[in-house]
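Novice:
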Amino acid sequence: MPNEDGKLSGKVALIMGAGQTPGQSVGNGRATALLFAREGAQVVAADRDLDAAQATVDRILKNGGDAVAVRADVTVEADIKAAVEGCVSAFGGRIDVLHNNVGVSLAGGDATITETDEAAFSRCIDINLRGMVVTCKHVLPIMRAQGSGAIVSISSLAAITDYPYIAYRTSKAGVNAMTENIAITEAKFGIRANAIMPGLMNTPMAIENRVGRDGATRADVIASRDSRIPLGGKMGSGWDVAKAALFLASDDAAFITGVLLPVDGGQQLVRG
5 MPNEDGKLSG
15 KVALIMGAGQ
25 TPGQSVGNGR
35 ATALLFAREG
45 AQVVAADRDL
55 DAAQATVDRI
65 LKNGGDAVAV
75 RADVTVEADI
85 KAAVEGCVSA
95 FGGRIDVLHN
105 NVGVSLAGGD
115 ATITETDEAA
125 FSRCIDINLR
135 GMVVTCKHVL
145 PIMRAQGSGA
155 IVSISSLAAI
165 TDYPYIAYRT
175 SKAGVNAMTE
185 NIAITEAKFG
195 IRANAIMPGL
205 MNTPMAIENR
215 VGRDGATRAD
225 VIASRDSRIP
235 LGGKMGSGWD
245 VAKAALFLAS
255 DDAAFITGVL
265 LPVDGGQQLV
275 RG
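Sequential numbering of the sequence shown, starting at 5, is according to this note's numbering.
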């Protein structure tokens, strides 16, 4: 049940990418929506797949939370604008938290730089970076008028490590730069901006797109990824990302802005 004294009690949160790819685990966006609602937030769950967003909302409502689903394709500015307006009209004219959780790599046709396709590269950039920028464009005026707000964007450890696919790595490095830009330019309005850089996670997006590649089974994919994690030899989950997002979105992080937080079990510490 939602906690009336939760870390986000009384706050309105817009979560972009609150549905998820079908799979056997929970995605970052759905886990974050569920946790935010449990901590007292009123949640607007946006996703290009309305059924996936509604499935997230149904779980929140079943547990006594407050949420609505909206369809939004982050490559379409009109969709983003409508989702922001829907959030404002649904819950009293505020947006206290914006959680940017959109991203695509292999499923979008990403490849190494010598094999990259121009259309696939552009699509990955449009989803992973441009979509976040445009969402912030429409949310920031609302937060400025309030004199407060927290933006949490999901980047990736791929931005700073040896991830081989060019569009994803480039776009997530852009998310980091965007976060730092917003943090410094919007601080005077009481708005904070931080990013999370997940490492290897056991989420549907990460696992399902790799099953079957070069004959790999799901067990093969999981074992290979687990072997690269120093802390406990096991990937993190969507809940690990959600808990970090909760901290950054809450007043516990009231004096934290411009942070690029690895959530990776120590993966970024491995050298050589």
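Glycine residues also receive a C-beta, built at the ideal position from the N, C-alpha and C atoms.
1. Could you check how far apart the C-beta atoms of Ile158 and Asn32 are, in whole angstroms? I think they sit under 8 angstroms.
2. Going by DSSP in three states, Arg222 sits in which element: helix, strand or coil?
3. Provide the residue span of the alpha helix (DSSP H) that contains Ser93, from first to last.
4. Kindly identify the DSSP beta-bridge partner or partners of Ser157.
5. The ligand ADP and Val101: does the residue's C-beta get closer than 6 angstroms to at least one heavy atom of that ligand?
6. Roughly how many angstroms lie between the CA atoms of Glu4 and Ala227, to the nearest whole one?
7. Grouping DSSP H, G and I as helix and E and B as strand, with all else coil, what is Pro26?
8. Quick one: residues in its chain with C-beta nearer than 7 angstroms to the C-beta of Thr261, no 5 flanking neighbours on either side, listed in chain order?
9. So, is Ile146 buried or exposed, given that buried needs 16 or more other C-beta atoms within 10 angstroms?
10. Less than 7 angstroms between the beta carbons of Val48 and Cys91, yes or no?
11. Just checking, does the segment 90-105 make contact with the segment 17-24 on the three C-beta pairs under 8 angstroms criterion?
12. State the start and end residues of the unbroken alpha helix (DSSP H) segment that holds Asp9.
13. Cutting at 6 angstroms between CB atoms, please list the residues of its own chain near Arg75, excluding the five before and the five after it.
14. To the nearest angstrom, how far is the alpha carbon of Arg52 from that of Asp256?
Specialist: Let me lay it out:
1. 6 angstroms
2. helix
3. Glu81 to Ala94
4. Asn104 and Ala199
5. Judged by which ligands are present, the structure shown has none, so any question about the ligand ADP falls away.
6. Any answer about residue 4 is impossible in this case: the structure gives the chain only from 5 up to 276.
7. coil
8. Ala187, Ala191, Arg196, Ala197 and Asn198
9. buried
10. yes
11. yes
12. Asp9 -> no alpha helix (DSSP H), and no H or E assigned at all.
13. Leu54
14. 31 angstroms
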